[in-house]
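Sequences listed follow chains D and Y, in order.
So for the first sequence, numbering that gives the first Met the number 0 puts the first residue at 0; every next one is plus one.
So for the second sequence, numbering that gives the first Met the number 0 puts the first residue at 0; every next one is plus one.
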Amino acid sequence: MIDYSKALSKTVVSTEKSGIRKFFDLMSTMQDVVGLTVGEPDFQTPWHIREAGIESLERGKTYYTANAGLMELRQEIVHYMSRRFDVSYDPAKEVIVTVGGSEAIDIAFRAVIEAGDEVIVPTPSFVCYAPLVKLAGGVPVILETKFEDEFKIDPEALKALITPRTKMLVLPYPNNPTGAIMTREELAEIATVLRDTNILILSDEIYAELTYVGSHCSIASLEGMWERTIIASGFSKAYAMTGWRMGYLCAPAPIAEQMLKIHQYGIMSSPTTAQFAAIEALKNGDDDIRTMVDEYNRRRRYIYNGLKSIGVESFEPKGAFYIFPKIGAFGLSGEEFCNRLLYDYKCAIVPGSAFGKGGEKFARISYAYSIKHITQALERIEAFVKTL
Amino acid sequence: MKFELLKLLEQDARLTPAQLSVMLDCPEETVRRTIAELEANGTILDYKTIIDWEKTNKESVTAIIEVKLTPQRDRGFDRVAEKIYNYPEVKSVYLMSGVYDLSVVVEGKSMKDISFFVSQRLAPIEAVISTATHFVLHKYKDTGVLYETPEQDERGTLS
Numbered sequence: 000m001i002d003y004s005k006a007l008s009k010t011v012v013s014t015e016k017s018g019i020r021k022f023f024d025l026m027s028t029m030q031d032v033v034g035l036t037v038g039e040p041d042f043q044t045p046w047h048i049r050e051a052g053i054e055s056l057e058r059g060k061t062y063y064t065a066n067a068g069l070m071e072l073r074q075e076i077v078h079y080m081s082r083r084f085d086v087s088y089d090p091a092k093e094v095i096v097t098v099g100g101s102e103a104i105d106i107a108f109r110a111v112i113e114a115g116d117e118v119i120v121p122t123p124s125f126v127c128y129a130p131l132v133k134l135a136g137g138v139p140v141i142l143e144t145k146f147e148d149e150f151k152i153d154p155e156a157l158k159a160l161i162t163p164r165t166k167m168l169v170l171p172y173p174n175n176p177t178g179a180i181m182t183r184e185e186l187a188e189i190a191t192v193l194r195d196t197n198i199l200i201l202s203d204e205i206y207a208e209l210t211y212v213g214s215h216c217s218i219a220s221l222e223g224m225w226e227r228t229i230i231a232s233g234f235s236k237a238y239a240m241t242g243w244r245m246g247y248l249c250a251p252a253p254i255a256e257q258m259l260k261i262h263q264y265g266i267m268s269s270p271t272t273a274q275f276a277a278i279e280a281l282k283n284g285d286d287d288i289r290t291m292v293d294e295y296n297r298r299r300r301y302i303y304n305g306l307k308s309i310g311v312e313s314f315e316p317k318g319a320f321y322i323f324p325k326i327g328a329f330g331l332s333g334e335e336f337c338n339r340l341l342y343d344y345k346c347a348i349v350p351g352s353a354f355g356k357g358g359e360k361f362a363r364i365s366y367a368y369s370i371k372h373i374t375q376a377l378e379r380i381e382a383f384v385k386t387l
Numbered sequence: 000m001k002f003e004l005l006k007l008l009e010q011d012a013r014l015t016p017a018q019l020s021v022m023l024d025c026p027e028e029t030v031r032r033t034i035a036e037l038e039a040n041g042t043i044l045d046y047k048t049i050i051d052w053e054k055t056n057k058e059s060v061t062a063i064i065e066v067k068l069t070p071q072r073d074r075g076f077d078r079v080a081e082k083i084y085n086y087p088e089v090k091s092v093y094l095m096s097g098v099y100d101l102s103v104v105v106e107g108k109s110m111k112d113i114s115f116f117v118s119q120r121l122a123p124i125e126a127v128i129s130t131a132t133h134f135v136l137h138k139y140k141d142t143g144v145l146y147e148t149p150e151q152d153e154r155g156t157l158s
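Put into structure tokens, the structure is as follows:
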């Protein structure tokens, strides 16, 4: 008889399942729930991008591509990064096309972390960072960001966490779940802390296009930062291509070379059909991004105002498509609030505790939904809040 | 702003000036004024509710009629079009390129009703050479609105 407790990796077994999963499972057993929970766009991939994918299949493009991705795609990525964010990379040596931003983050960790290395992870943030750091043998060091700071990284707090074992800082802006961004000036302060160290930065810029105030600044464009920054990004949010699983890494050649090894052995090459669609997206998708961002922006204003008018406090989110209201102000924990809102008022929002330390009194509300749907949810939230 | 405003109202005529003001990041007074201007100059023609009558007891049939006309002097087809569109059962009249001249959409209680309209009102018009009546069997989509059950929101994974 197999003893699974002895057969499986203890590191993996001890990695916690996400807190959202439990909540989602609960939701799926109920009828007529109006939810603002998902983290993916409600748009479909623009037709011309889908067509490019379909056409590549019709033309029989079903083989592996180069490990790092089609050269044309890498060139388009480089051109895009340069024209949008003023950072330059060599498509031959410094770009890898990955299976979503998720694989990008994973192989970045695996190429950098040795057993016991520390990686500073700001929270609240996307659920994958700490578990992936642990799975790579590292130690996640939590940097709690605060509502009062609009959930930006405090350079002093960062400094205080640096030890001789610190290998990397994760920089997830624009941020899921808080909707926070960091401006050029604010990033410059972080750069000052890191400039004379050997610490790398993993900049998760998947929501870069969804910036509503000012424009997105990549830390790689700041002095002394390019040499240490790995940019992880992708097509999921900007082009509504979540299911295509298309992401990319941009990093200096010495780092990219090592990440490519892992990608080579673990993945071979990213899905070919998706790569052809991605080329079309970068070439001709700028207007589509603009249309979607304008729509998100409208909804952002609408939901921020809507919550304010019913007495639910949040700061105005400036990026991504989430708002992170302080529902703890009503005396319940984030989880209690969300549970009662779900059970009694059939409205689902995600408890902030699922996103790490600092999120316990908050909830993540997604506005990747139509105005009609958002209005319905706000009505139910209002009905609940009135009773508190 | 006008363009965006029109696009939003076209999607949902029930958006209030207060809601529009938030969505467009523009003072409510400006929104009200702009709407009034657009109504006055005929850019905004009307606000209607779109109803799927098949879901009610009301008997209703729609027909699309292709009308061929003899060439007209002076105002061309305008006079004929006017005569036709003045009938309340006529829902749309379009001047078309190609094989026929006018496309006329008519709503009646039954196919017999519509056939009566064509033979008694439409065909006798002097300028009308011929008509071809096509009955709508089923509406899938009309004026941008889906008549089918919308697809369920399949999104659900954590991210």
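Ideal Cβ positions, reconstructed from N, Cα and C, are used throughout, including at glycine.
Quantities reported herein were computed from a predicted structural model and do not represent experimental measurements.
Integer-rounded CB distance, given that residue j should sit under 8 Å from residue i
i      : j      : result
W243/D : V86/D  : Incorrect: roughly 24 Å between the Cβ atoms, too far for contact.
A231/D : L201/D : 6 Å
L35/D  : A353/D : No, L35/D and A353/D are not in contact; Cβ-Cβ is about 14 Å, not under 8 Å.
V192/D : K158/D : 5 Å
A62/Y  : H133/Y : 6 Å
T241/D : E39/D  : 4 Å
V66/Y  : V89/Y  : Not quite, the Cβ-Cβ distance comes to about 11 Å (not below 8 Å), so this is no contact.
K282/D : E75/D  : 6 Å
Y295/D : P45/D  : Not a contact, Cβ separation roughly 15 Å.
T122/D : I141/D : 5 Å
One or two residues paired with residue i in a DSSP bridge
i      : result
M167/D : V118/D, L199/D
E222/D : Partner(s): none; E222/D has no beta bridge.
I364/D : I322/D
Y93/Y  : S102/Y
E143/D : T122/D
G265/D : Paired residue(s): none; G265/D is not in a bridge.
L145/Y : K140/Y
V66/Y  : L101/Y, T130/Y
G34/D  : A347/D
G233/D : G246/D
V138/D : E117/D
G107/Y : V60/Y
Burial state of residue i (16 or more Cβ within 10 Å)
i      : result
Y264/D : exposed
G318/D : buried
R58/D  : exposed
N175/D : buried
T97/D  : buried
F361/D : buried
R164/D : exposed
S109/Y : exposed
Y139/Y : exposed
E128/Y : Checking the sequence shown, residue 128/Y turns out to be Ile, not Glu. Result: exposed.
V111/D : buried
G358/D : buried
Q274/D : buried
Straight-line gap, residue i to residue j (C-alpha atoms, nearest Å)
i      : j      : result
Y84/Y  : S91/Y  : 7 Å
L160/D : I218/D : 20 Å
G351/D : S55/D  : 42 Å
T386/D : G41/Y  : 47 Å
L7/Y   : T177/D : 28 Å
F22/D  : G355/D : 15 Å
T271/D : G68/D  : 8 Å
N338/D : R227/D : 43 Å
K133/D : F234/D : 26 Å
V94/D  : P171/D : 19 Å
I19/D  : K111/Y : 59 Å
K1/Y   : T33/Y  : 7 Å
H78/D  : D89/D  : 10 Å
L306/D : S369/D : 16 Å
Y86/Y  : D77/Y  : 15 Å
A190/D : G330/D : 38 Å
V33/D  : I124/Y : 55 Å
T64/D  : R109/D : 23 Å
V349/D : E58/Y  : 47 Å
F336/D : E312/D : 14 Å
R223/D : L131/D : The residue asked about is misnamed: residue 223/D is Gly in this sequence, not Arg. Between G223/D and L131/D, the C-alpha separation is close to 27 Å.
R183/D : E256/D : 29 Å
V98/Y  : I43/Y  : 32 Å
K92/D  : S220/D : 19 Å
E153/Y : G310/D : 32 Å
Quick one: which unbroken beta strand (DSSP E) runs of 3-plus residues sit fully inside the segment 45 to 125 of chain D? Chain order, please. 94 to 97, 117 to 122
Ignoring anything shorter than 3 residues or poking outside the segment 287 to 332 of chain D, list the beta strand (DSSP E) runs there in chain order. none
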